[in-house]
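*Asks:*
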Amino acid sequence: MTSFNHYALGSVINWLHTTVGGISPLAPGWREIMVRPVPGGTLTSAEVKYESPYGRIECSWTLEGTKFAMKLEVPPNSTAVVILPDQVHGQEAEGPGQVVGSGTHEFACTFEMGPWPEEIFDPFRAD
Numbered sequence: 000m001t002s003f004n005h006y007a008l009g010s011v012i013n014w015l016h017t018t019v020g021g022i023s024p025l026a027p028g029w030r031e032i033m034v035r036p037v038p039g040g041t042l043t044s045a046e047v048k049y050e051s052p053y054g055r056i057e058c059s060w061t062l063e064g065t066k067f068a069m070k071l072e073v074p075p076n077s078t079a080v081v082i083l084p085d086q087v088h089g090q091e092a093e094g095p096g097q098v099v100g101s102g103t104h105e106f107a108c109t110f111e112m113g114p115w116p117e118e119i120f121d122p123f124r125a126d
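Take the sequence shown: its letter number 45 is residue 44 in numbering that gives the first Met the number 0, and every next letter is one higher.
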């Protein structure tokens, strides 16, 4: 099917922006933004851009070994709550994240991916 009138294709874009890229609205109109990228699988980088009513939101990240680096651009008159991947997995999960204002921001943390591909659970396998 090549119809773009079905939401199936839109849901992929939503997943890429909110999960892989990590940007989602915290308030109507994107005045407050949640930034919580989720690296996984074989992805080692991602970049997303979104045109909000306040301006362009850009988030890009790279994962080289265990070094996670992220660059974020927050539009004027907006704020963002940033939660890095090391905070998601409970290693430093204290507090609601870091709040930043308009402008360009850079973040870095240590992040270790789990095993990939994940081991498949086989209830009939005898160990």
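Beta carbons are placed, not taken as given, at the ideal position from N, Cα and C, and that holds for glycine.
Please classify Ser101: does DSSP put it in a helix, a strand, or coil?
*Replies:* DSSP places Ser101 in coil when its eight states are reduced to three.
*Asks:* I'd like the ranges of any beta strand (DSSP E) spanning at least 3 consecutive residues and lying wholly in the stretch 12 to 94.
*Replies:* Runs of the beta strand (DSSP E) inside the stretch 12 to 94: 22 to 24, 31 to 34, 44 to 51, 54 to 63, 66 to 73, 78 to 81.
*Asks:* My understanding is that Gly21 touches Pro52, with C-beta atoms under 8 Å, so please give their C-beta distance in whole angstroms.
*Replies:* That belief does not hold up - the Cβ atoms of Gly21 and Pro52 are roughly 20 Å apart, past 8 Å.
*Asks:* Throw me the rounded Cβ distance for the Val81 and Phe106 pair, which I believe falls under 8 Å.
*Replies:* About 6 Å; that satisfies the 8 Å criterion.
*Asks:* Starting from Phe106, follow its DSSP beta bridges and name the residues at the other end.
*Replies:* Note: Phe106 sits in a beta bridge opposite Met69.
*Asks:* Is the Cβ-Cβ distance between Lys66 and Thr109 less than 8 Å?
*Replies:* Closer than 8 Å, so yes.
*Asks:* So what's Met0 in DSSP terms, helix, strand or just coil?
*Replies:* At Met0 the pLDDT is 48, less than 50, meaning the model places this residue with poor confidence and gives no usable figure here.
*Asks:* On a CA-only basis, which of Ser101, Leu83, Val19, Ala45 is nearest Gly54? Give me that one, please.
*Replies:* Closest by alpha carbon: Ser101.
*Asks:* Output needed for Val19: all residues of its chain with C-beta closer than 6 Å, excluding positions within five of it in sequence on either side, in chain order.
*Replies:* For Val19, where only same-chain residues beyond five positions count, the Cβ hits under 6 Å are Ala45.
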